[in-house]
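Per our numbering, the sequence shown starts with residue 31, numbered consecutively.
Backbone N, C-alpha and C fix where the C-beta goes; we use that ideal spot for every residue, glycine too.
Below is one structure, written out as structure tokens; the observations come after it.
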Amino acid sequence: MEPSPQKILFVVNSNSGGKNKQDFETQIKTYFEKLPDNVNYYHLNGSNNEAGIKKEIDTFNPKKVVAVGGDGTVNLVAKVIMGSDIHLGIIPGGSANGMAKELAIPTVFNDMMTLIMKGESKRADIIKINENDICLHLSDIGLNARLIKYFEEGNMRGKLGYAKVAFRVLWRRQHIQVIIKSADNIIKRNAFMVVLANASKYGTGAVINPEGDLYDGFFEVVIIRQLAIFDILKMWFKPKPFNKKNIEIIKGCSVHIITGHKVHFQVDGEYKGKVKEVKAEMLAHQLNLIVPKEITP
31 MEPSPQKILF
41 VVNSNSGGKN
51 KQDFETQIKT
61 YFEKLPDNVN
71 YYHLNGSNNE
81 AGIKKEIDTF
91 NPKKVVAVGG
101 DGTVNLVAKV
111 IMGSDIHLGI
121 IPGGSANGMA
131 KELAIPTVFN
141 DMMTLIMKGE
151 SKRADIIKIN
161 ENDICLHLSD
171 IGLNARLIKY
181 FEEGNMRGKL
191 GYAKVAFRVL
201 WRRQHIQVII
211 KSADNIIKRN
221 AFMVVLANAS
231 KYGTGAVINP
241 EGDLYDGFFE
251 VVIIRQLAIF
261 DILKMWFKPK
271 PFNKKNIEII
281 KGCSVHIITG
291 HKVHFQVDGE
301 YKGKVKEVKA
311 EMLAHQLNLI
321 VPKEITP
């Protein structure tokens, strides 16, 4: 029996990715040329995108919405459809694509499309950040957020550009004084960075949060107290519990982070400026993600 035609909205960010980015929209149109499915496209235009996507969804009424772009595009689409029955698919077209790597999204186009058409749906958690932001993947203050700021400002892209700004950030690294208030505890720490982790690893592949689970109703606060070489090697090659003297992990549903001075802040790979405090609250099982069948229990 043939499956019923599907209504799918593709939200396309043509500015995502570097010089070698793929023309996904053309490939998508070719894919659907001889198929009965009803497909529409919404192109991000740099302003009022959230309202535009919502209006398109209200008019078209799709069962699936697919974010074609990087982590920022995925975050934007998720913010619009969270709490609904719409399923979110991902075609990774950004520089890092951390969420796609977390979900084991295929890198070959036809495999991506097979996943979107036939993949399983699973309810994922979302972290509400302050009043207006959400985090699906990883947010942080300090060292990594500053790296993202410099990378966005630089003219050099790719691995060489990343290496250049990484060296600059590590050379000028500074401790942050933080107070972390959770439901049952208040702690004070000096740290290089503090991560709000819904997921486990960055788009580079470094596992910052071995306990990360997108579906468990909790997030982790990862406090990088020291940059110890053995723990850094663990992140890259053999994810295991860290030395708590260097990297401390706190599980929770809500947290309030206060810093001694304004520090760099990023959410899902998007630089947000400098902040002195961050409030985070877990919103459990708010997003229908399309995921490969093999990672669905």
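Considering only the beta carbon of each residue, do residue i and residue j sit closer than 8 Å?
i: Val208; j: Ala221; result: yes
i: Glu311; j: Ile279; result: no
i: Lys29; j: Ile288; result: This structure does not reach residue 29, given that the chain is present from 31 up to 327, and the question cannot be answered.
i: Val138; j: Ile120; result: no
i: Leu168; j: Ile254; result: no
i: Asn158; j: Leu313; result: For the sequence presented, residue 158 should be read as Lys rather than Asn. A contact, by the Cβ cut-off of 8 Å.
i: Phe54; j: Val110; result: no
i: Ile277; j: Val252; result: yes
i: Asp170; j: Val225; result: yes
i: Met129; j: Leu177; result: no
Round the Cβ separation of residue i and residue j to the nearest angstrom and send it over; I've been treating them as touching at under 8 Å.
i: Lys231; j: Lys152; result: No, Lys231 and Lys152 are not in contact; Cβ-Cβ is about 18 Å, not under 8 Å.
i: Val1; j: Val41; result: The structure shown does not extend to residue 1, since the chain is modelled only from 31 to 327, so the question has no answer here.
i: Tyr301; j: Ala213; result: Tyr301 to Ala213, Cβ: 29 Å. No contact.
i: Ile116; j: Lys94; result: 7 Å
i: Gly172; j: His315; result: Their Cβ separation, rounded to whole angstroms, is 30 Å, which puts Gly172 and His315 out of contact at 8 Å.
i: Leu39; j: Asn70; result: 5 Å
i: Lys211; j: His286; result: 4 Å
Evaluate residue i with the Cβ neighbour count: other Cβ atoms within 10 Å of its Cβ, from every protein chain shown; 16 or more gives buried, anything less gives exposed.
i: Leu65; result: exposed
i: Ile146; result: buried
i: Glu63; result: exposed
i: Ser46; result: buried
i: Ala81; result: exposed
i: Ser77; result: exposed
i: Glu250; result: buried
i: Asn75; result: exposed
i: Gly290; result: exposed
i: Gly149; result: buried
i: Gly102; result: buried
Which residues in the same chain as residue i place their Cβ atom closer than 6 Å to its Cβ, once the five residues preceding and following it in sequence are excluded?
i: Leu190; result: Unreliable positioning characterises Leu190 in this predicted model, as indicated by a pLDDT of 47, which lies under 50. A coordinate reading is not provided.
i: Asp163; result: Val297
i: Trp266; result: At Trp266, the pLDDT of 49 sits below 50, so the modelled position is not reliable; the number obtained from the coordinates is stated separately. Hits under 6 Å: Ala236.
i: Lys179; result: His294, Tyr301
i: Tyr61; result: Met143
i: Gln256; result: Asn276
i: Phe197; result: Since pLDDT at Phe197 reaches only 45, below the 50 mark, its modelled position is unreliable, and the value read off the structure follows with that caveat. Once the five neighbours on either side are set aside, Phe197 has no close Cβ partner at all.
Which residues share a DSSP beta bridge with residue i?
i: Phe249; result: Gly282
i: Phe295; result: Ile171, Gly303
i: Pro122; result: Gly99
i: Met312; result: Ile157
i: Glu94; result: Residue identity differs from the one stated: residue 94 is Lys in this sequence, not Glu. Its beta-bridge partners are Ile38, His117.
i: Asn79; result: Paired residues: none, contrary to the question.
Just to confirm my understanding: we take residue i, look at its own chain, exclude 5 residues before and 5 after, and list those with CB closer than 8 Å. What are they?
i: Gly100; result: Asn43, Ser46, Gly47, Pro122, Gly123, Gly124, Ser125, Ala126, Asn127, Gly299
i: Asn91; result: Lys37
i: Ala229; result: Gly128, Met129, Glu132, Leu166, His167, Leu168, Asn239, Gly242, Leu244
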